[in-house]
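Residues in the sequence shown are numbered from 111 upward in steps of one, following our numbering. What follows is one structure encoded as structure tokens, with my remarks underneath.
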Amino acid sequence: MIAAIAVLLLLPASLLIGVVCLPNAWVNWRVREFRRLVTWLAGAQTLIAGSCLVASAVGRLPTIEFVLYLFASELPITVSIFYDGVSSLMFTLVSFVGWVICQYSIRYLEGESTQGRYFRWIAFTLGAVSLMVISGNLLMMVGAWILTSLGLHRLLLHYSHRPAAKRAAWTKFLISRIGDAALIAATVMIGVEMGTLEFPKLFAIVETLTSVPSSLHAAGFLLVAGAATKSAQFPFHTWLPQTLEAPTPVSAFMHAGIVNAGGYLIIRVSPVVALTPWALTVLAIIGGFTTIFAAVVMLTQTSIKKSLAYSTIAQMGFMLLQCGLGAYSAAMLHILAHSLYKAHAFLNSGSVVADRVSDAGNPSTTRPVSVATLAVVGTLMVATLSVSLTLLGIDPTTKANGLLLGGVLCLALTHWIGQVMRSGSHALSIRAVMVAVALCIVYSASYLAIDKAVAESLPTASRPEFGWLVATIVFTGFIGMLVLQHAVTHGHASAILAKWHIHASNGFYVENTLRRVFEPLTNC
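Take a look at the structure:
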């Protein structure tokens with residue numbers, strides 16, 4: 111039974127990867143049949159993933175541990191599946207987003223002569239990502255991770271005649287190899303030290319350790335480095351805003367199903383990373399800084415897709431900040447919510463342009479919102495979130511940095527309501543408050559469901575060194591962001607801030623600096 115389900119999970123992903131072997135001339139000649147085949151495979155995988163997720167949720171499907179040795183049993187080269195709460199959620203998400211992307215791509219690329227090549231690589235990339243999230247072996251996961259990067263590279267080169275597309279693709283390629291080298295080194299260290307790379311065995315051994323070898327500490331830092339490069343963290347974020355030349359469905363898939371792989375990696379191997387509290391501290395610092403940096407840059411962008419790109423960088427930073435603080439359940443919820451939102455945002459970006467153009471001739475008047483009003487709204491959000499958590503039996507003081515993350519959520523909702531209030535519409539403001547209250551309740555319920563689904567796969571204790579100091583600095587940074595944006599939107603910005611606006615709109619020139627480093631290597 112377990113073997114049959116494992117094969118069922120593997121089959122669509124394997125077929126999606128396998129279609130890359132089809133001749134380019136054939137897939138372009140029979141493009142209608144081929145794109146229908148790819149979409150059908152993506153749909154079949156979504157159906158399988160969704161069915162298994164429901165079965166797991168109702169207790170009808172146990173954790174699946176399946177290992178097939180390709181060579182001698184002493185070698186860690188296996189095809190293995192580890193299907194638990196963490197992988198089931200991510201597998202369903204990736205499958206669903208991939209299926210939607212395939213459906214959207216049919217209409218988006220209609221009439222292009224290279225549709226067949228596009229669908230061949232979108233199938234390969236979707237299959238590789240799917241294989242990565244259900245892998246039961248670290249070596250297999252890293253191998254699928256590299257295949258995902260190679261598939262994305264071909265998708266970014268879909269319009270290879272455009273210099274900007276080539277530059278973005280090769281910059282991403284070189285940065286990804288840095289992350290790959292870190293993950294390969296970590297895999298070797300863990301395999302040599304622990305004697306296994308199979309996740310169930312590896313996590314069981316970790317629980318019995320009384321002291322942590324130096325090689326595992328080093329592996330923890332290397333895993334963090336790999337996650338940071340994959341999720342476009344500072345200073346390796348510069349490739350993501352450059353990918354505007356890619357087709358919109360590629361951007362949607364990249365932002366919703368690939369960039370978040372760094373967070374998934376940390377959650378998946380959290381029992382190992384938790385052995386190195388300093389690695390978690392570094393991860394939290396990188397994620398927190400990237401969040402604030404990207405949010406500032408995002409506010410100054412005039413391009414919709416570039417604004418969405420920096421939004422993704424900021425969101426991935428916050429997700430890794432959650433991982434660094436040990437809040438893995440909150441990070442998993444963040445991955446799911448952000449992926450669905452960002453896929454919709456990219457696929458609907460054309461409508462956003464139309465809306466902005468149609469509204470351009472009728473700018474709405476705005477009015478300032480006092481700090482006292484924002485304080486009242488913030489207090490209401492804190493009270494609502496506290497009540498909803500209490501009713502659901504969630505004590506934020508027992509969760510990793512629960513008070514910090516709850517405070518950030520209340521700050522975000524307060525800022526959003528304040529923006530709505532600037533419209534001057536009392537009815538719209540009341541609706542915004544009602545929606546924010548509903549969001550607090552939905553967030554609490556969603557967190558409870560996710561936490562129950564993934565709790566068995568997470569370490570019992572995971573805290574960064576000086577976590578209280580990191581949390582304090584991060585929360586202070588978010589309050590500073592709120593104050594800064596309030597000053598800018600209400601016309602209180604000083605001349606100094608006006609000058610810094612120019613630097614922020616250019617990403618503080620990090621992209622230009624790294625371009626000088628990587629451009630000779632990209633031959634662009």
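Glycine included, C-beta positions come from ideal geometry on N, C-alpha and C. If you're wondering where the values come from, they're calculated on a predicted model, not measured in any experiment.
Distance CB(residue 262)-CB(residue 123) smaller than 9 angstroms: no
Residues of its chain near residue 558, where Cβ-Cβ distance is below 7 angstroms and the 5 sequence neighbours each way are ignored: 502 and 504
CA nearest to the CA of residue 255, picked from 223, 271, 294 and 320: 294
Beta-bridge pairing of residue 124 - partner residues as DSSP gives them: Residue 124 is not bridged to any residue.
Chain-order list of residues whose beta-carbon lies under 7 angstroms from that of residue 389 (same chain, five-residue window excluded): 330, 331, 334 and 383
N- and C-terminal bounds of the alpha helix (DSSP H) containing residue 504: Taken as a continuous stretch (DSSP letters only), residue 504 belongs to no alpha helix (DSSP H), as it is neither H nor E.
Given residue 496 as reference, the closest of 287, 153, 200 and 555 once Cα atoms are compared: 555
Residue 156 vs residue 205 beta-carbon contact at 9 angstroms: yes
Assigned exposure category for residue 406 - 16 Cβ within 10 Å defines buried: By the neighbour-count criterion, in which a residue is buried when 16 or more other Cβ atoms sit within 10 angstroms of its Cβ, residue 406 is buried.
DSSP three-state assignment for residue 322, whether helix, strand or coil: coil
For residue 178, the three-state DSSP class (helix, strand or coil): strand
Residue 245 burial status per 10 Å Cβ neighbour count (16 or more: buried): buried
Which residues DSSP lists as bridging residue 193, in chain order: 174
Under 9 angstroms between C-beta atoms of residue 456 and residue 409: no
Separation of residue 510 from residue 435, as counted between CA atoms: Going by C-alpha positions, residue 435 is about 7 angstroms away from residue 510.
Residue of 207, 112, 482 and 142 minimising C-alpha distance to residue 451: 207
For residue 245, the three-state DSSP class (helix, strand or coil): strand
Check whether residue 191 and residue 116 have beta carbons under 9 angstroms apart: yes
CA-to-CA distance, residue 350 to residue 214, given in whole angstroms: 22 angstroms
Given 8 angstroms, three or more beta-carbon pairs between the stretch 527-541 and the stretch 576-585: no
Contact set for residue 588: own chain, Cβ-Cβ below 7 angstroms, skip 5 residues either direction: Excluding positions up to five away in sequence, the list reads 518 and 521.
Same chain, Cβ closer than 6 angstroms to residue 428, neighbours up to 5 away in sequence not counted: 401
Where residue 289 falls, given that 16 or more other Cβ within 10 Å makes a residue buried: So residue 289 ends up on the buried side.
Straight-line gap, residue 366 to residue 260 (C-alpha atoms, nearest Å): 17 angstroms
Contacts around residue 236, its chain only, beta-carbon distance under 7 angstroms, and the 5 residues preceding and following it disregarded: 126, 152 and 208
Extent of the continuous alpha helix (DSSP H) to which residue 187 belongs: Here residue 187 belongs to no alpha helix (DSSP H), and DSSP marks it neither H nor E.
Contacts around residue 231, its chain only, beta-carbon distance under 6 angstroms, and the 5 residues preceding and following it disregarded: Closer than 6 angstroms at Cβ, skipping near neighbours: 261, 264 and 265.
Counted within 10 angstroms of its Cβ, other Cβ atoms place residue 468 as buried (16 or more) or exposed: Confidence is the limiting factor: at residue 468 the pLDDT is only 44, short of 50, which leaves the residue's position unreliable and the question unanswerable from this model.
Whether residue 268 touches residue 218 by CB criterion (9 angstroms): no
Residue 355 - DSSP class collapsed to helix/strand/coil: helix
Strand pairing of residue 143, partner residues [DSSP]: According to DSSP, residue 143 bridges with nothing at all.
Under 9 angstroms between C-beta atoms of residue 129 and residue 147: Using a Cβ distance threshold of 9 angstroms, residue 129 and residue 147 count as a contacting pair.
CB-CB length for residue 415 against residue 372, believed under 8 angstroms: Not quite, the Cβ-Cβ distance comes to about 21 angstroms (not below 8 angstroms), so this is no contact.
Any non-hydrogen atom of the ligand NAD within 8 angstroms of residue 179 CB: Ligands in the displayed structure: none, and consequently the ligand NAD is not present.
Inside the stretch 254-333 only - alpha helix (DSSP H) runs reaching at least 4 residues: If we require 4 residues or more, the alpha helix (DSSP H) runs fully inside the stretch 254-333 come out as 273-304 and 309-318.
Euclidean distance between Cα positions of residue 506 and residue 498: Between the alpha carbons of residue 506 and residue 498 lies a gap of roughly 11 angstroms.
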